[in-house]
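Participant: Here the sequence shown stands for residues 56 to 1016, numbered as in this note's numbering.
A virtual CB, placed ideally from N, CA and C, is assigned to each residue, including glycine.
Can you read through this structure? Questions will come right after.
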Amino acid sequence: MEGVSFAYPSRPNQLVLRKVSLDFPAGKHTAIVGPSGSGKSTIQSLIARLQSPQEGAILLDGHDIRELNVKSLRGFLGLVQQEPSLLDRSILENIALGLVSSPHPSHAHLQGVLYGSDLAELASHGKDVFAVAKKQGGAIAEIVDLVRQAADLADASSFIDRLEKGWGTMAGSGGSMLSGGQRQRVAVARALVRDPKILILDEATASLDSASERRIQAAVERAAKSRTVISIAHRLSTIRNADSIIVMQAGEVVEQGSYEELIAREDGVFAHLARLQSLTGSDEIEAKSTASINDTLSSSSSKAEIDLGLDEEKIDALQDHTSPVVSSPKQEQADNDNDKDKDDLAEDLSATAVIKGVGRLVRQWLKWIILALIAAALVGCNFSASGLVFGHTVGALNPCNTTADRVKSLGEFYGGILFMLAVVVLLANFVTWSSFGLVAERLLYSVRVLSFRSLLEQPVSWHQSGNRSSTSLLSIITKDSAALGGLSGSIIGTIFSILINFLVAIILSHIIAWKIAIVCLVVVPILLGAGLMQLRSLSRFEERHTDAYSRANGIAVEAVNSINTIAALSLEREIMGTYSRALKAPRKDIVLASAWVNVWLAINNSTGFLVYAFAYWWGSRLIMRGENTQTQFFIILMAMLVSAQLWGQMFTLAPEFSRARASIARIITVINLGSDAQLDSKELATTANVERRGSSGTERDIEAVGEAKPPVPVNSKGVRVTFDRVSFAYPGRPDVPVLQDVSFTVQPAQFCGLVGPSGAGKSTIMGLVQRLYFPTTGTVTIDGVDISKHSFRDDVAIVPQDTALFDGSVKFNVGLGAKPGHEATDAEIEEACRLAHIHDTIMALPQGYNTECGPRASQLSGGQRQRLSIARALVRKPRLLLLDESTSALDAESERALQASLEVVARDVTVVAITHRLHTVQKADVIYVVEGGKIVDKGRHGDLMERSESYRVNALQQMLQ
């Protein structure tokens, strides 16, 4: 990098890098450290050409990377981003995607398989992947071997092998079905599988426990012998063996050198950061600890691994249970009979159930519906009335039967009647469409509120089961609701008018000339049969292909959301191929179904000519016999002809009607899911009354759901959290316990730390405290009351492991954390931001607190997002603060400052913190060590350093000096 300056397009006047000049020697390991927002991650984006510098140049072996083919450039890179994103495919496919566009000569013959669907088919075999691949041989077996080797290097094979469906386990959109540590290990394996010339690791081990981190560090150090490695890190212990360390601050390089050189500069920035991250403790404890495991450290140094003295099999067995994992569509199809998580949104409701459901929804607008139907009936009667007038007009205008004056007089008379009919139809149409439109808009609003609320009321386990995705659930609120709104508006009005006209035309025709009418009725069975067959064909077609198009839409949405990952891995062609296959799968059936449906549509639309044929053939005979007059003939002809034509046109609405029926069934199923008492917010219980669910008086107002029980008395000094013999297993795997007989108590205003290896059950404990899940056995209480029996969430704030911010201003995002019913003031927001040590960073932004964060907070660095999430939690002024790896993306100085703030906050708040960084909880009042789903030890930091070997080894792994 030579004199590189860069500013993001959204903030062109704020330089992130200022004339930075750096050299990354070939075959060496170079590390970049520094405070959050100093420009570290921007460097990796520039190297991968995800961004382009405003000034200066980035050279690769002396060539400006802007002159290189971007796909070829990225083929030489292996990139693990700060927040790794996986695609909604099997773990096998996710790792294998790293081979796409690989420039390695030995990978060239694998590209055909990688761009096809063979890997997806192979993944459907679950745990038998390797046996099937070996049997198939060839390129697919080679790919599987490369994937396995990369996973071994990334320390991922152990947890993958113990997943229910092994390498065929779906990762979920963005990797949502895996824990943070599991996602990072899969992402590292994906980067290593292509054997890249340049390996870039941006906080690649931030979510891992020390043992896993050390093993991956060993893999990176072994890999560094043959490639250039660039590591971006906050944990200085992870880059101790780097050949060169670059220290950045405010977009500039402030120090550079080896670890020993930088640590020797006692007044330097790096040495200051190192001191902030060192674990405190008495010299006696450290000496005793070092002596007790010195042999372990020395004997393991060659392997760069440390035996924690834990039951690794138990830990690995539990690692896959940090979040439920769903199966792939092909696996679900193969195991359909045993699938307990079948999506109940696809429930096949009967026509009666659908009508009753819609009836309950629209009952409150019954007056408007009756008015609309009356007006629609007038519109329908108009067609037959106009036929009656038309027949008399034709008869009156016959000069053979009357005088010229009488013709003129009758012409004016019937013209006046037609004018009056026009006025009546104008008013009737206005009333019909206005009334139906009003009902449709109100119904659309009500249904969207009801369905969205129902989705919010479902437990987390429901959202994570049944192959549900954000795309499919969102389509219920938008697409399905819109279909219902359209059906309840113009479509219902049109169908009702046509039906009324059809009945009136038949009755009128039989009254006037039943002999002609009865012959014309021959076409009625044809009309009905063709229409019903068209509806039936469309209904089956919609049901069969909804899932296929939903998958294609999901791929498109995922591609947009994960565009950085797709660009970095050069997956554009592969994604297009997958998208095309998802569209092609139902294409043949679509063509056949369309042809079949159009046959019935053609029959319906051509039936009018059958009416002509029968009417003229039989009518002429009756007129010649003198049994009927010309006037009667034309009345019946117009009435029956218009009815037949309108009937045919009605069935052109069959596609809309078919889609609406399926949409209504899904909406009613969602609305009827019921509440799991998950919403405790008083605001949701008292916001503007929408419409009532409207059936019996026993059904509730949709916005008047009170809390499960009255809240417990408030204790200003935090809450007491108690686990009493709690055991837990995820619903999808009831036979695999995640927690076993866990009992502990966190006292009011106590700072409690939960530590242990990945997959030990720490995040599960946090989920149970939030009542995202319910214990299999035992109870979780707050202030002595079972959390399932009272409201408590207004007094709880959480900082999750995966920070989620919204597309809005900084002020908006922080203000969302305020208690329901209270809008945070500017002073409260600023106070929370100061406690989270992000106020100065915000004030340095172009628009301060009004600066837009962008979609998924893309305009902020990982550390800035995490600190905003902490500020959002603190603005609530909670009695219980839950921190799940809340400082994993923070630099040492920000983390230490935040710890000081938490120590102040914890005087009046109960704090429960999960962390892999032990210095985060070294001042905690109590630390619980979680291993294998059990509490194996507890105490303060100093006590655990003396008596707990696993804790002591974990601490020494994080020591810098």
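Closest Cβ-Cβ distance between I410 and chain B: below 9 Å?
Facilitator: In summary, chain B is missing from the structure at hand, where a single protein chain is found.
Participant: Mind checking which residues open and close the alpha helix (DSSP H) that includes G470?
Facilitator: 459-512
Participant: Among L154, L583, Q805, which has the Cα closest to the Cα of L656?
Facilitator: L583
Participant: According to the neighbour-count rule (16 or more other Cβ atoms, all chains shown, within 10 Å of its Cβ), is Y469 buried or exposed?
Facilitator: buried
Participant: Buried or exposed: T448, going by 16 or more other Cβ atoms within 10 Å of its Cβ?
Facilitator: buried
Participant: If you drop the 5 nearest sequence neighbours on each side, which residues of the same chain put their C-beta closer than 6 Å to that of D841?
Facilitator: By the criterion of a C-beta distance shorter than 6 Å, D841 is surrounded in its chain by T834, once the five residues flanking it on both sides are discounted.
Participant: Looking at C-alpha atoms only, which residue of V960, A242, S286, I925 is the closest neighbour of L147?
Facilitator: A242
Participant: Out of V75, D779, G863, Y63, state which residue places its alpha-carbon closest to the alpha-carbon of L823.
Facilitator: D779
Participant: Using DSSP's beta-bridge definition, name the partner residues of A585.
Facilitator: The partner list for A585 (beta bridge, DSSP) is empty, contrary to what the question assumes.
Participant: Candidates A430, V515, S509, S464: which alpha carbon is nearest L481's?
Facilitator: A430
Participant: Rounded to a whole number of angstroms, what is the C-alpha to C-alpha distance between F688 and A670?
Facilitator: 8 Å
Participant: With a threshold of 16 other CB atoms inside 10 Å of the CB of R461, please say whether the residue is buried or exposed.
Facilitator: exposed
Participant: For the candidate residues L499, H845, A815, whose alpha-carbon lies nearest to that of A715?
Facilitator: Closest option to A715, judged by alpha-carbon separation, among L499, H845, A815: L499.
Participant: Alpha carbon to alpha carbon, what distance is there between V981 and G808?
Facilitator: 6 Å
Participant: Exposed or buried, what is P67 when buried is set at 16 or more other beta-carbons lying within 10 Å of its beta-carbon?
Facilitator: exposed
Participant: Using only alpha-carbon positions, find the residue among C436, L177, G412, F185 that is nearest to A720.
Facilitator: G412
Participant: Looking at the structure shown, is G674 part of a helix, part of a strand, or coil, going by DSSP?
Facilitator: helix
Participant: Measuring straight from C-alpha to C-alpha, what distance separates I690 and V579?
Facilitator: 18 Å
Participant: Measuring only the C-alpha atoms, how far is L935 from N296?
Facilitator: 40 Å
Participant: When the Cα atoms are used, what is the spatial distance from L677 to N683?
Facilitator: 6 Å
Participant: Could you check what DSSP says for N391 in three-state terms: helix, strand or coil?
Facilitator: Confidence at N391 is low in this model, with a pLDDT of 36, below 50, so its placement is unreliable and the value that follows should be read with caution. The answer is helix: DSSP assigns N391 an H, G or I state.
Participant: Leaving out five residues before and five after L953 in sequence, what residues of the same chain have Cβ atoms less than 6 Å from its Cβ?
Facilitator: Setting aside the 5 residues that flank it on each side, L953 is surrounded in the same chain by H892, each with a C-beta closer than 6 Å to its C-beta; the list follows chain order.
Participant: With a threshold of 16 other CB atoms inside 10 Å of the CB of A887, please say whether the residue is buried or exposed.
Facilitator: buried
Participant: Check the DSSP bridge columns for A112 and list the partner residues they point to.
Facilitator: E57
Participant: So is E339 buried or exposed if we call it buried at 16+ other beta carbons inside 10 Å?
Facilitator: Since pLDDT at E339 reaches only 42, below the 50 mark, its modelled position is unreliable, and no value is offered.
Participant: In angstroms with no decimal places, state the Cα-to-Cα distance between E57 and E110.
Facilitator: Here the alpha carbon of E57 sits roughly 9 Å from the alpha carbon of E110.
Participant: Answer yes or no: do I300 and V135 have a C-beta to C-beta separation smaller than 9 Å?
Facilitator: No, they are not a contact pair.
Participant: What three-state label does DSSP hand F557 in the structure shown?
Facilitator: In the structure shown, F557 sits in a helix (DSSP, three-state: H, G or I).
Participant: Applying the criterion that 16 or more other CB atoms from any shown protein chain within 10 Å of the CB defines a buried residue, is Q977 buried or exposed?
Facilitator: Flag for Q977 reads buried.
Participant: Would DSSP call M31 helix, strand or coil?
Facilitator: With the chain running from 56 to 1016 in the structure shown, residue 31 is simply not present.
Participant: Which residues in the same chain as G92 place their Cβ atom closer than 7 Å to its Cβ, once the five residues preceding and following it in sequence are excluded?
Facilitator: Listed in chain order, the non-local C-beta contacts of G92 below 7 Å within the same chain comprise T896, S916, G918, Q919, local neighbours out to five positions each way being set aside.
Participant: Relative to the C-alpha of S913, which residue among I618, K422, E258, Y604 is closest?
Facilitator: I618
Participant: Take the Cβ of N744 as the centre, count every other Cβ of all protein chains shown within 10 Å, and call the residue buried at 16 or more, exposed below.
Facilitator: Note on N744: pLDDT 39, under 50, position unreliable in the model; no value is reported.
Participant: Go through the stretch 761-849 residue by residue and report every complete run of the beta strand (DSSP E) that reaches 3 residues or more, in order.
Facilitator: 776-783, 794-801, 806-810, 832-837
Participant: Please say whether V810 and L973 have beta carbons closer to each other than 9 Å?
Facilitator: Closer than 9 Å, so yes.
Participant: Going straight from the alpha carbon of A62 to that of A614, what length do you get?
Facilitator: 25 Å
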